[in-house]
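**Q** This is the structure I have questions about; it appears just below.
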Amino acid sequence: MLDILGSKNLVVWLVLMGVTVVSWYLSAPTLASPSAMTGIFMIAMAFFKARLVMVHFMEIGKAPLALKLICDTWAVVGCVSVAGLYFCLE
Amino acid sequence: MAFLCGVGFAVAKCIEYQGKFDAGVTLFHNEYFVFYYVLTGVHLVHLLVGVGVLAYGYAKLTLRGLDAISLQEIESSASYWHMVDLLWIVIFPLLYLLP
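Chains A and B supply the protein sequences, listed in that same order. Going by the numbering used here, the first sequence opens with residue 1, and the numbers climb by one from there. Going by the numbering used here, the second sequence opens with residue 101, and the numbers climb by one from there.
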C-alpha cells in the first residue's frame, strides 16, 4: 500500500510529465502552422509546471502566507512578462 | 538518483554543445544563440554546483549517518536542486519548444 506522501508525489510527477508531453507534441514541426497562441499556451504550461514544483516539491504549499504570495507573484509576473514579450515579438 | 540524472544531463549538454560547435554555431552566431548559450550555460553551472552538493550530502550521510544538521543540509540541497530543475522547466520550452 502506497503511503500518502509517496503517492501524492507520484501524481504530481505524472501531471508534470503529461504537461511536458503535451508541450512537446505542440512543438512538433509536422503540426499545422502554429500560432502565437500555441506559444503563449506553452509558456503558461511551463509556469504552471514551475508553480507545481514550487508548491509540492519545494514545500511552498506549507510555507507562511508571505512566502506563498512571493512565489505565486513570481510565477504570475514571470508568465505574463515572458508571454507578453513573446506575443509582441511574434 | 538525482545525482545520476544531473550527471546524465551534464553529459548530454556537453554532447549537444560539441555538436553545435562542430557545425560552426558558436556564442555569437546570431542573437538567438547568444541567449541560448548564456541561459543554458548559466543553468549548467548551477547544475554542476547542485551535483556537487548532492554528492557531498550523500557522502556525509553514508559516512556519518543522519543528525539534525545533516537533515537541514539535505533539505536545503533538495530545495536547491528543485530550483535548478524549476529553471530548466522554464528554459527548455523557451529555447527548444516555442514556435
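We treat Cβ as the ideally placed atom computed from N, Cα and C, and that holds for glycine. All values derive from a computational prediction rather than experimental measurement.
Between residue 100 of chain A and chain B, is there a C-beta pair that is closer than 8 Å?
**A** Beyond the ends of chain A as shown, which are 1 and 90, falls residue 100 of chain A; an answer cannot be given.
**Q** Helix, strand or coil: how does DSSP classify residue 35 of chain A here?
**A** Three-state result, residue 35 of chain A: coil.
**Q** Can you give the Cα-Cα distance for residue 175 of chain B and residue 111 of chain B, rounded to whole angstroms?
**A** Computed Cα separation, rounded: 26 Å.
**Q** Between residue 49 of chain A and chain B, is there a C-beta pair that is closer than 8 Å?
**A** Taking Cβ atoms only, chain B reaches closer than 8 Å to residue 49 of chain A, which makes this a yes.
**Q** For the segment 132 to 159 of chain B, enumerate the residues whose C-beta is nearer than 8 Å to any C-beta of chain A, in chain order.
**A** Under the 8 Å Cβ criterion, the segment 132 to 159 of chain B contributes no residue.
**Q** Residue 103 of chain B and residue 155 of chain B: beta carbons closer than 8 Å?
**A** Yes, these two residues count as a Cβ contact at 8 Å.
**Q** Are the beta-carbon atoms belonging to residue 57 of chain A and residue 78 of chain A less than 8 Å from one another?
**A** Their beta carbons are not under 8 Å apart, which means residue 57 of chain A does not touch residue 78 of chain A by this criterion.
**Q** Pair every Cβ in the segment 49 to 56 of chain A with every Cβ in the segment 5 to 12 of chain A, then say whether three or more of these pairs are closer than 8 Å.
**A** Touching, per the Cβ criterion.
**Q** Following the continuous alpha helix (DSSP H) through residue 191 of chain B, name the residue where it begins and the one where it ends.
**A** Residue 191 of chain B -> alpha helix (DSSP H) spans 168 to 192.
**Q** Specify, as a first and last residue, the run of the alpha helix (DSSP H) that residue 28 of chain A falls within.
**A** Residue 28 of chain A -> no alpha helix (DSSP H), and no H or E assigned at all.
**Q** Can you tell me the Cα-Cα spacing of residue 108 of chain B and residue 151 of chain B, whole angstroms?
**A** Spanning the two alpha carbons is a distance of roughly 11 Å.
**Q** Please state if the CB of residue 189 of chain B and the CB of residue 50 of chain A are separated by a distance shorter than 8 Å.
**A** Yes, they are a contact pair.
**Q** Expressed to the nearest angstrom, what Euclidean distance is found between the alpha-carbon atoms of residue 88 of chain A and residue 199 of chain B?
**A** Roughly 14 Å separates the two Cα atoms.
**Q** Out of A:52, A:82, A:81, A:21, which one is the CA nearest neighbour of residue 205 of chain B?
**A** The structure shown does not extend to residue 205 of chain B, since chain B spans only 101 to 199, so no value can be given for it.
**Q** Can the beta-carbon of residue 37 of chain A be found closer than 8 Å to that of residue 19 of chain A?
**A** For residue 37 of chain A and residue 19 of chain A, no; Cβs fall outside 8 Å.
**Q** Considering Cα atoms alone, identify which of A:72, A:24, A:14, A:71 is closest to residue 195 of chain B.
**A** Looking at the Cα atoms, A:24 is the closest of the given residues.
**Q** If you drop the 5 nearest sequence neighbours on each side, which residues of the same chain put their C-beta closer than 7 Å to that of residue 60 of chain A?
**A** Correct list, in chain order: 54, 67, 68, 71.
**Q** Let me see if you follow: with CB-CB separation under 8 Å, is residue 104 of chain B close to chain A or not?
**A** It does not: the Cβ of residue 104 of chain B has no partner Cβ on chain A nearer than 8 Å.
**Q** Short of 6 Å in beta carbon distance, which residues of its chain neighbour residue 136 of chain B, apart from the five on each side in sequence? Order them along the chain.
**A** Once the five neighbours on either side are set aside, the close Cβ partners of residue 136 of chain B are 195.
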